[in-house]
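So the sequence shown is numbered by full-length UniProt numbering: it starts at 1 and just counts up by one.
We treat Cβ as the ideally placed atom computed from N, Cα and C, and that holds for glycine.
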Amino acid sequence: MSTRTVGIIGAGHVGCALAFDLSSRGYEVILRTMPGHPGITSKIRENGNVIECSGVLSGRVPVRIEEDVSVASNLETFLVVCVPSQGHDAVLEELAQHDLSGCIVIFISGNAVSVKARRVLRARAVLESSSSPYSSRVNSEGTVAIRGIKSRLQLGPMAAADGDEDRNEVGNLFHLPIEWSQTGLDIFLSAVNGVVHVPTALLNLGWIETTNGDFYFYRQGMSAGVCSIIEAADRERLAVAAAYRCPVQSALDVYNKNYGRQDQTMREFALNTDAHNRTKGAQKRFLSQDVPYWLVLCADLGARAGVPTPVTDMLILLASIFSGTDLRATGRTLESLGLRDASMEDVVRAFRAPRGEDGAARVTAKAQLLGFSWIRRGLLF
């Protein structure tokens with residue numbers, strides 16, 4: 001494999017895990033940060049520009065750190081954006097100023113950002129994932145713990161990739177099977193963090209505030225009663241997906257497939273998943289990201305299709321009261337994606353892979369729903 005330079009924007013849990021993984025496999029990695037959001041880069045610098053990792057992957061690797069995103073287009077073949085969804089607009093504003101015609105830009109996780117990103121970026125391709133490849137944390141000392149690696153990664157829209165060569169390069173990048181989709185709706189509605197993390201966080205607020213999160217979020221937080229609320233929210237996600245003819249799986253099936261498990265209920269998964277029960281604590285993004293940037297848009301898609309989402313609406317309301325912010329007003333909506341008056345057909349069209357109408361798709365990709373890069377390694381089973 002010829003050496004490829006990968007820029008990673010965001011030095012948090014996902015960005016640092018990806019930086020370690022890629023560096024350990026011989027990629028030249030540039031870890032980039034946005035102004036005012038250094039992540040954990042100061043500690044990495046103190047450690048000699050070295051990232052240390054433990055868990056499923058372990059070791060020490062050197063990385064290059066840059067605080068300037070503006071020169072990325074001159075150096076990188078790939079730009080992987082690993083910032084929280086609330087930081088997407090700032091990243092787009094910066095990257096839109098540059099010629100990215102030689103770059104494939106990938107958002108981890110996208111939460112439908114590709115709809116807007118394809119309009120504003122002059123990129124070779126714009127892709128997004130439904131989730132992170134890893135279950136990972138980075139601590140205050142700059143050490144990454146990769147607790148698990150998923151058995152697959154869902155990416156799309158597929159036709160934004162420039163043929164088989166691009167798909168193969170992306171498969172090599174993540175080094176695990178890629179499930180490609182032709183539409184960003186499949187990717188967005190395949191994400192399950194919103195229907196799993198948000199009910200668990202809201203129904204455990206007392207415990208979170210009293211113990212400062214000192215409990216196992218999955219094993220202890222996802223009781224049988226909490227799982228019943230999760231399943232109700234998930235049924236609404238599946239109903240919205242069905243209205244748009246998106247072939248998505250239940251949250252339990254997604255977890256089982258991602259982590260190679262065969263649990264029969266969400267409660268059983270929560271009790272037995274090793275990747276999610278190695279460390280304690282609830283993350284802030286469970287409410288600050290998953291509600292405004294996933295639940296809000298899911299409910300909006302439901303309303304546009306005439307699908308009621310009362311459980312999802314309740315979760316948004318409770319999170320808004322808790323945060324003191326109208327999360328529907330600040331979150332990602334069809335209007336914020338430029339689809340305020342769009343019909344269902346227009347929405348579906350906007351989420352589909354482009355067919356040459358913008359700079360991201362200069363070549364029409366082959367029509368193929370699933371393409372797999374079967375490059376395997378030691379995954380969590």
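Pull up the distance between the alpha-carbon of D263 and that of K257, whole angstroms please. 10 Å
Going by C-alpha to C-alpha distance, which of V56, I229 and I65 sits closest to A19? I65
Under the three-state reduction of DSSP, which class applies to C53: helix, strand or coil? strand
What residues are listed by DSSP as bridge partners for W207? None, per the DSSP bridge assignment.
Within 10 Å of its beta-carbon, does F199 have 16 or more other beta-carbons around it, so buried, or fewer, so exposed? Looking at the sequence shown, residue 199 is not Phe but Pro. The residue in question, P199, is buried, as its Cβ has 16 or more Cβ neighbours within 10 Å.
Could you have a look at D234 and say whether DSSP puts it in helix, strand or coil? helix
On the premise that I104 lies in contact with V170, defined as a C-beta separation below 8 Å, what is that separation, rounded to the nearest angstrom? 7 Å
Would you call the segment 80–100 in contact with the segment 141–161, where contact means no fewer than 3 C-beta pairs closer than 8 Å? no
Y27 and V6 closer than 7 Å at C-beta: yes
So, at 7 Å on beta carbons, what are the nonlocal neighbours of G59 in its own chain, with the 5 sequence-adjacent residues on each side left out? S24 and C53
Are there 16 or more other CB atoms within 10 angstroms of the CB of E67, so buried, or fewer, so exposed? exposed
Tell me where the beta strand (DSSP E) around S24 begins and ends. No beta strand (DSSP E) contains S24, which is instead part of the alpha helix (DSSP H) from H13 to S24.
Where does the unbroken alpha helix (DSSP H) through R349 begin, and where does it stop? M344 to F351
Just curious, the alpha helix (DSSP H) that V91 is in, first and last residue? H88 to L95
Can you name, in chain order, every residue of its own chain whose Cβ lies under 8 Å from the Cβ of D313, other than the five neighbours on each side? A299
Do V196 and A251 come within 7 Å of each other at the CB atom, strictly closer than that value? yes
Assuming I178 is part of the alpha helix (DSSP H), what are its boundary residues? First-last for I178: I178 to W180, but that is the beta strand (DSSP E), not the alpha helix (DSSP H).
Helix, strand or coil: how does DSSP classify G156 here? strand
Is the Cβ-Cβ distance between K280 and Y216 less than 7 Å? yes
Quick check: the segment 175–188 against the segment 343–351, are there 3 or more CB pairs under 8 Å? yes
What residue range is occupied by the uninterrupted alpha helix (DSSP H) comprising S42? T41 to E46
Distance check for R124 and C246, CA to CA, integer angstroms please. 26 Å
Is G142 helix, strand or coil by DSSP? coil
Taking the beta strand (DSSP E) that D99 falls in, what are its first and last residues? D99 to F107
I need the DSSP call for G184, collapsed to helix, strand or coil. helix
DSSP state of A319, grouped into three classes? helix
Ignore the nearest five residues each way along the sequence and tell me which others in G10's own chain have a CB closer than 6 Å to its CB. C82 and V83
Pick from S320, M344 and W294: whose alpha carbon is nearest that of S131? W294
Out of V138, G102, S136 and N139, point me to the one whose CA is closest to L121's CA. G102
So, is R167 buried or exposed, given that buried needs 16 or more other C-beta atoms within 10 angstroms? buried
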